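Residue numbers (this note's numbering): 2 to 396.
Ideal Cβ positions, reconstructed from N, Cα and C, are used throughout, including at glycine.
Everything numeric in this text was worked out from a predicted model, so none of it was measured.
Here the structure comes first, spelled out in structure tokens, and everything after it is commentary.
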């Protein structure tokens, strides 16, 4: 038996002979098969249109394609049901049924793994509820962001007012402080022979207090001036800035026998006047906070990490207790009394403000001996020029 034999309907009789020419019975089968076939053909057309519109949103579009092929073949079998009423092409109809069976079986087996995924899909009501919750969260987030922006704005204004107050107050304290210091020295010089030992000691206390007050005022002025100068951001070698620090602290280096190790430092874009102040505070502290008889060794390293410079300053001093690592950057925070180590407790606050002005971060870590400060500065600082909020006449 060959293909021509399968397609040759002559030996066979069409279904019309079985219906013995009854037109009502033939019409019943033709209309029912035709209606079913048309329905079957419309379904895959709709499915393929849907698949074309949403192919990027559906992860199992191949399964929809299989369904479309299966339903189309089902429609074709009903078309052949009509044809065989008058043409006995039963072999061809049989092979169409075989193809339909194979595609149907493949489709049935293919959808089995999809069942868990389909069951996991959320219903329209669940999606609507999730969308409603998401909208509420968005509204809450927007409200929180507005409140945060308002709060930040208020904090910035308060900080600016506080800095301006500190600047003006410190500026106005200079004159009376100079009077106190000048007149106490004048008393000591002119009337030294007429004053007893207690009076001279009291004058010395006044002198000492005015010196401490002058140091405190200078530090407050330095804190308030951070970011309020016209010093530009320039790309300069960091090593040159540390050389200036070494010269500025030359007497402290000679007195303590301190060693500064700083090699292969890169060029950094920054306000190098502020960096000078930053490293002067850190290195000055490293020299000052030493155990009795200790010789300070300060190491400075810098390497690039993606879009930031990471600067590390390590010393071999008395260190910082682990529970005070965050507190040391607060204004007036002192871990030791003035009788142990002199200072105002403002130096590290100035360091933090300088780093923040550059858009960076600074933090401290404790070591078995000494302290370790980490400074992170952006390679390309976003800050270009500070905004003036202090009138020039009080500078």
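- By alpha-carbon distance to residue 40, the top candidate from 77, 17, 64 is 77.
- Put simply, the segment 271-289 touches the segment 351-367. At least three CB pairs are less than 8 Å apart.
- Residue state for residue 368 is assigned as coil, using DSSP reduced to three classes.
- For residue 380, there is no enclosing alpha helix (DSSP H), as DSSP marks it with neither H nor E.
- In the DSSP secondary-structure assignment, residue 93 is not bridged to any residue.
- Using a Cβ-Cβ distance cut-off of 8 Å, the segment 295-311 and the segment 248-260 are in contact, since at least three pairs of beta carbons, one from each stretch, lie closer than that value.
- Boundaries of the beta strand (DSSP E) harbouring residue 311: 309-315, taken from the DSSP string.
- Bounds of any alpha helix (DSSP H) do not take in residue 13, whose DSSP letter is neither H nor E.
- The alpha carbon of residue 276 has as its nearest neighbour, out of 307, 149, 251, 237, the alpha carbon of 237.
- For residue 45, the enclosing alpha helix (DSSP H) stretches over residues 24-54.
- Taken atom to atom, the span from the alpha-carbon of residue 315 to that of residue 148 is near 41 Å.
- For residue 87, the closest of 371, 24, 302 by C-alpha to C-alpha distance is 24.
- Residue range 273-289 is occupied by the alpha helix (DSSP H) that includes residue 287, with no beta strand (DSSP E) assigned at that position.
- Across the set 63, 28, 284, the C-alpha of 28 shows the shortest separation from the C-alpha of residue 82.
- For residue 192, there is no enclosing alpha helix (DSSP H), as DSSP marks it with neither H nor E.
- Inter-residue distance for residue 14 and residue 34 is about 20 Å (C-alpha atoms, whole angstroms).
- Remark: C-beta atoms of residue 280 and residue 242 approach each other more closely than 8 Å.
- When the alpha-carbon of residue 308 is set against those of 382, 92, 320, the nearest one is in 382.
- For the pair of segments examined, the segment 363-371 was found to touch the segment 314-333: the number of CB pairs separated by less than 8 Å reaches three.
- If you check the CB distance, residue 140 and residue 104 do not come in under 8 Å.
- By the CB criterion at 8 Å, residue 351 and residue 278 fall inside the cutoff.
- Bridge partners of residue 238 according to DSSP: 268.
- For residue 374, the closest of 347, 346, 301, 359 by C-alpha to C-alpha distance is 301.
- Here residue 253 really is in contact with residue 285; their C-beta atoms are around 7 Å apart, less than 8 Å.
- At least 8 Å separates the beta-carbon of residue 182 from that of residue 204.
- For the pair residue 84 and residue 108, the Cα-to-Cα distance works out to about 27 Å.
- Residues 85, 86 of the same chain have their beta carbon placed closer than 7 Å to that of residue 16, with the five preceding and five following residues left out of the count.
- In the structure shown, residue 127 falls within a helical segment according to DSSP collapsed to helix, strand and coil.
- Note: residue 304 is bridge-paired with 311 in the DSSP secondary-structure output.
- Under the three-state reduction of DSSP, residue 146 is assigned to helix.
- In the structure shown, the three-state DSSP call for residue 107 is helix.
- Contact between residue 266 and residue 239 holds, since their C-beta atoms are separated by about 4 Å, short of 8 Å.
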